[in-house]
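Novice: Input: one structure, supplied below.
Protein chains in written order, with full-length UniProt numbering: chain U, 1 to 356; chain D, 1 to 421; chain R, 1 to 292.
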């Protein structure tokens with residue numbers, strides 16, 4: 001599309017500049033400043049002078065290693081096993097705290113471990129919480145992005161029919177979006193309450209008493225899942241609306257043609273609706289992915305990152321460190337890493353979905 | 001004729017008052033009490049009285065919601081926008097003083113001689129802030145519960161030992177009447193954790209940081225005493241003696257009154273409501289885990305910002321506010337502990353024989369301020385997370401080691417926070 | 001035959017409504033909980049959370065929480081501030097972002113791809129990560145007002161509005177939508193000598209109903225729920241928005257009934273805005289069908 005008709009440097013810049021200028025001033029420049037902060041030891045508040053520390057902050061976050069631990073042996077050289085026959089190992093802190101034989105692991109902590117024969121391979125990191133929050137963020141995105149996009153599309157198709165009163169349903173499906181996520185999180189805390197929460201009480205009733213009350217947010221195995229469920233529920237209505245906007249752009253004449261040719265519902269969807277939603281799909285996926293990577297408010301209100309770091313996320317850590325612990329350079333470092341991570345993902349995404 | 005005279009006099013008075021007012025220099029003040037009309041009314045009375053009492057200064061207050069007050073102040077300081085007078089949470093004060101947000105008060109220190117120690121904010125040998133009240137925590141229960149369980153009523157002289165305390169919890173659990181024997185308030189995140197729970201650690205003989213130098217947490221937070229504390233703490237949750245971090249806020253607020261818990265570890269600000277529910281409410285002193293019974297101290301205090309061009313006026317206002325009658329007003333309005341014995345006698349709740357007088361005695365006998373160091377802000381955060389993790393089953397030694405390392409790294413990054421060997 | 005198919009049709013209609021309604025129940029309950037709770041005293045409200053009573057107007061019902069909420073905080077002021085800031089930002093945002101997107105989509109100019117790339121990259125920057133640098137920036141920015149040149153934007157409406165007008169997401173939203181519009185229309189207009197402004201104004205924007213509604217709703221939600229930013233740039237109560245106002249209700253002895261009343265009040269403008277937008281949204285559908 002390099003038609004002369006559409007080439008105009010002056011008009012192009014003039015139209016784009018007001019919007020772009022604001023973005024540059026209020027987002028790009030502050031972000032570069034955050035990047036600069038990540039290379040210093042800047043504190044949120046401190047009388048000490050700021051020093052340039054190079055990549056030290058990155059090093060503190062990213063240092064990771066694998067420690068091989070031999071099982072304990074008794075005097076005869078046999079492996080000490082517990083009652084279940086599992087070998088017993090010396091504590092990791094013996095290797096990582098003031099042990100001159102392992103200087104590379106000094107101050108590190110265990111993230112996770114696996115067995116390799118009788119030896120244990122322990123992944124130790126200098127900032128385990130960072131790695132856990134990275135992993136939680138990725139888990140959240142991988143689950144929430146497709147599920148939320150898919151559910152939203154189903155709702156949009158369901159609601160995109162000519163029925164009396166459909167507007168009322170459309171408004172109701174959108175309602176959770178209208179309420180701020182902070183407020184939603186507050187309300188759902190009551191719902192998930194371990195002892196007398198509504199969810200427990202309802203499951204108990206519906207299963208005729210078979211269901212035992214569960215501590216949804218207090219159990220590391222279910223906390224992130226509970227937050228995912230709530231987040232999907234809260235925002236699905238919004239993406240439904242975006243899908244709807246996309247559906248509206250598909251010409252009714254295409255559906256008429258499909259119907260004349262006797263296409264089944266699935267065929268209509270596959271060959272008429274879906275191709276017409278291409279740009280919308282890209283949009284929905286990108287918006288959801290961005291929102292999912294920015295997961296913060298739910299965590300802040302509901303779990304504070306716990307239990308046992310099972311719900312901590314990158315943005316939560318940015319805020320926790322930058323503001324809570326006054327370590328603004330540490331917080332900025334996490335933001336830069338998050339930025340680079342998402343940027344590379346979107347470049348890959350762009351490469352895979354490029355128009356051929 | 002008479003009327004004209006009166007009119008003239010009135011006019012004259014108005015003019016005099018107006019010129020007087022015009023000559024007064026404005027002093028801005030920030031306060032954390034937005035959303036609490038009773039508290040605002042008391043503060044406004046003090047301000048009005050002060051403004052009328054002299055002709056140099058005119059104080060005007062801007063109130064902020066407590067939840068976000070510290071963030072507002074830090075942001076304003078970064079942007080160079082601080083007022084003359086700010087209020088500051090006691091344990092945070094050294095951080096702000098060290099950062100240069102505050103300047104020392106210019107008040108006559110004989111005026112605060114008879115104050116409880118908690119409200120006096122000293123850092124680096126200078127008085128930076130002073131509180132109009134203190135707050136205290138007690139083990140709340142009912143006399144009838146103690147009687148039912150056949151328990152000795154602990155006193156300040158003879159508090160419960162660890163064995164007695166755990167025995168009481170087990171006895172309550174054995175009745176099967178309660179959801180949990182003890183409500184610690186795990187639903188309240190933030191400053192509640194270090195404020196309410198670090199005294200347990202201190203009573204075991206540990207601490208957030210080694211107070212002899214304030215340069216390391218090694219030994220204090222991960223020594224034998226701290227490990228014993230950690231194991232005890234974990235046991236509370238592992239043995240279902242207390243609800244954990246997922247306790248919902250509603251259960252914290254009304255659970256004890258609803259009979260869900262036999263004991264509640266709660267502050268004096270909640271005492272009024274509980275007293276209204278049960279007339280046999282008793283406030284028990286903290287148990288002694290070996291190194292003496294301890295509770296936290298220091299609440300919100302007033303200070304003068306370094307940005308103030310009129311520290312003399314700001315200090316004059318703060319000194320004015322330290323009168324017993326105002327201390328008593330605050331106490332009567334919102335149930336806080338007056339910092340002087342004479343003011344306590346002027347209050348409903350804290351005079352001799354008053355229903356909450358025990359809190360005054362508790363504060364006097366057991367209170368220990370949180371570590372007086374700019375590093376406290378980070379130490380408190382690290383401690384909060386460590387306690388939550390241990391409650392959720394994390395390995396005690398590893399968690400306390402990690403917390404110690406994080407605190408030490410933070411102290412090092414801040415070049416010792418102004419402390420030196 | 002005819003009757004059978006009519007019955008069949010009727011049955012299918014019933015099934016449709018049942019499905020729609022069941023889904024609706026899942027989505028409406030928190031709002032129901034919020035509104036019902038706002039009518040109850042705090043202690044009853046908390047007890048009711050354990051059962052379906054939470055969704056019913058039972059027990060001690062009244063409007064006391066609303067009266068108390070108004071006496072605890074200047075609720076009307078907060079709503080006014082939020083609506084003002086949100087309204088102005090949404091309008092300016094729709095205009096400037098659609099203009100930029102128009103340029104990115106339909107015009108060819110030097111540097112276009114680079115600038116668009118930068119805009120899309122900003123999608124990735126969560127606000128929390130740039131809040132402090134941005135605070136330092138706005139505290140020094142100049143402004144020419146009635147009092148002449150001043151520095152520092154703190155404690156104003158503009159500091160809550162201007163940094164939020166343009167964002168990558170809104171631009172991107174428009175770009176994605178504009179891509180679906182037929183280019184022939186634009187080229188034909190160029191051949192006929194229309195200026196770019198005329199094309200933007202008379203051809204593209206009239207077709208942009210759905211995306212305008214979507215972008216407006218998205219921006220509205222972001223702006224209306226602002227919390228961290230106003231918290232750090234506004235110290236005077238007279239400029240505070242609703243979400244900062246919510247903090248007034250979290251006292252040591254939290255008044256849940258009043259919180260629910262406050263939440264109900266502040267949700268009304270958003271709901272109203274959505275319903276208006278939905279209408280605009282529907283009416284714009286008829287005019288589309290441009291793609292094919």
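We put the beta carbon where it would ideally sit given N, CA and C, even for glycine. This one's a predicted model, so the numbers in the text were calculated from it and none came from an experiment.
Return the residue from the list R:157, R:116, R:273 and R:49 that minimises the CA-CA distance to residue 220 of chain R.
Specialist: R:273
Novice: Name, going along the chain, the residues of the stretch 356 to 385 of chain D whose beta-carbon falls closer than 7 Å to a beta-carbon of chain U.
Specialist: 377, 378 and 381
Novice: Beta strand (DSSP E) containing residue 263 of chain U: first to last residue?
Specialist: Residue 263 of chain U -> no beta strand (DSSP E), and no H or E assigned at all.
Novice: Leaving out five residues on either side along the sequence, give the residues of the same chain with a beta carbon under 8 Å from the beta carbon of residue 79 of chain R.
Specialist: Cβ neighbours of residue 79 of chain R beyond the five flanking positions: 242, 265, 266 and 269.
Novice: Using 9 Å as the limit for Cβ to Cβ distance, is residue 65 of chain R near chain D?
Specialist: No, residue 65 of chain R does not count as interfacial toward chain D.
Novice: Using a Cβ distance threshold of 8 Å, determine whether the stretch 118 to 131 of chain R contacts the stretch 55 to 63 of chain R, with at least three qualifying pairs required.
Specialist: Three or more beta-carbon pairs separated by less than 8 Å are not found between the stretch 118 to 131 of chain R and the stretch 55 to 63 of chain R, which leaves the two stretches without contact.
Novice: Is it buried or exposed for residue 47 of chain U, if we count other Cβ within 10 angstroms and need 16 for buried?
Specialist: Around the beta carbon of residue 47 of chain U, fewer than 16 other beta carbons sit within 10 angstroms, so the residue counts as exposed.
Novice: My assumption, with CB atoms under 8 Å, is that residue 137 of chain D sits in contact with residue 233 of chain D. Please give the rounded CB distance.
Specialist: Going by Cβ atoms, the distance from residue 137 of chain D to residue 233 of chain D rounds to 16 Å, so no, they are not a contact pair.
Novice: Please decide whether residue 331 of chain D counts as near chain A, where near means a Cβ-Cβ distance under 9 Å.
Specialist: The structure shown contains no chain A; its protein chains are U, D and R.
Novice: Between residue 149 of chain U and residue 293 of chain U, what straight-line distance do the alpha-carbon atoms span, to the nearest angstrom?
Specialist: 15 Å
Novice: Hey, out of D:241, D:327, D:63 and D:376, whose CA is closest to residue 177 of chain D's CA?
Specialist: D:241
Novice: Express the C-alpha separation of residue 218 of chain D and residue 407 of chain D in angstroms, rounding to a whole number.
Specialist: Approximately 9 Å between the Cα atoms of the pair.
Novice: By the three-class DSSP mapping on this structure, what secondary structure does residue 122 of chain D have?
Specialist: It is a strand residue.
Novice: Thinking residue 332 of chain U and residue 34 of chain U are a contact (beta carbons under 8 Å), I'd like their distance in whole angstroms, please.
Specialist: 4 Å
Novice: Could you check where the beta strand (DSSP E) with residue 69 of chain D kicks off and where it finishes?
Specialist: Careful: residue 69 of chain D lies outside any beta strand (DSSP E), inside the alpha helix (DSSP H) at 66 to 78.
Novice: Given this structure, state the Cα-to-Cα distance separating residue 160 of chain U from residue 147 of chain U, to the nearest angstrom.
Specialist: 20 Å
Novice: How big is the Cα-Cα spacing for residue 55 of chain D and residue 176 of chain U?
Specialist: 55 Å
Novice: Three-state secondary structure (DSSP) at residue 296 of chain U?
Specialist: coil
Novice: State yes or no: is the C-beta of residue 417 of chain D within less than 9 Å of the C-beta of residue 208 of chain D?
Specialist: no
Novice: Report back the beta-carbon spacing between residue 90 of chain D and residue 131 of chain D to the nearest angstrom; my notes put them in contact at under 8 Å.
Specialist: 7 Å
Novice: What's the call for residue 246 of chain D, buried or exposed, on a 16-neighbour Cβ count within 10 Å?
Specialist: Label assigned to residue 246 of chain D: buried.
Novice: Could you list the residues in the stretch 70 to 91 of chain D with a C-beta less than 9 Å from some C-beta on chain U, going in chain order?
Specialist: Within the stretch 70 to 91 of chain D, the residues whose Cβ lies closer than 9 Å to any Cβ of chain U are, in chain order, 71, 74, 77 and 78.
Novice: For a cutoff of 9 Å on Cβ pairs, would you count residue 415 of chain D as touching chain U?
Specialist: yes
Novice: What do you reckon, are the CB atoms on residue 116 of chain D and residue 363 of chain D nearer than 9 Å?
Specialist: yes
Novice: Whole angstroms are fine: how far does the CA of residue 122 of chain U sit from the CA of residue 66 of chain U?
Specialist: 6 Å
Novice: Using the rule of at least 16 other Cβ atoms within 10 Å of the residue's Cβ for burial, across every protein chain shown, is residue 409 of chain U buried or exposed?
Specialist: Since the displayed chain U opens at 1 and closes at 356, residue 409 of chain U lies outside it and no answer follows.
Novice: Is it true that the CB of residue 342 of chain D sits closer than 9 Å to the CB of residue 103 of chain D?
Specialist: no
Novice: Mind checking the stretch 209 to 227 of chain D against chain U and listing, in chain order, the residues whose C-beta falls within less than 7 Å of any C-beta there?
Specialist: Those residues of the stretch 209 to 227 of chain D that come within reach of chain U (Cβ to Cβ, closer than 7 Å) do not exist; the list is empty.
Novice: Check each candidate in R:23, R:171 and R:138 and name the one with the smallest Cα separation from residue 156 of chain R.
Specialist: R:138
Novice: Counting along the chain, where does the beta strand (DSSP E) carrying residue 406 of chain D start and finish?
Specialist: From DSSP, residue 406 of chain D is part of no beta strand (DSSP E) but of the alpha helix (DSSP H) over 396 to 413.
Novice: Can you tell me the Cα-Cα spacing of residue 3 of chain R and residue 258 of chain U, whole angstroms?
Specialist: Here residue 3 of chain R scores only 48 on pLDDT, less than 50, and its place in the model is too uncertain to base an answer on.
Novice: Helix, strand or coil: which one does DSSP assign to residue 48 of chain U?
Specialist: coil
Novice: Counting only C-beta atoms, is residue 64 of chain D closer than 9 Å to chain R at any point?
Specialist: Yes, because at least one Cβ of chain R sits closer than 9 Å to the Cβ of residue 64 of chain D.
Novice: Would you mind giving the Cβ-Cβ distance between residue 107 of chain D and residue 319 of chain D, rounded to the nearest angstrom? I have them listed as a contact below 8 Å.
Specialist: 4 Å
Novice: For residue 82 of chain R and residue 74 of chain R, I'd like the C-alpha separation in whole angstroms.
Specialist: CA-CA distance, residue 82 of chain R to residue 74 of chain R, rounds to 13 Å.
Novice: Strictly under 9 Å for the Cβ-Cβ distance: is residue 101 of chain D near chain U by that measure?
Specialist: yes
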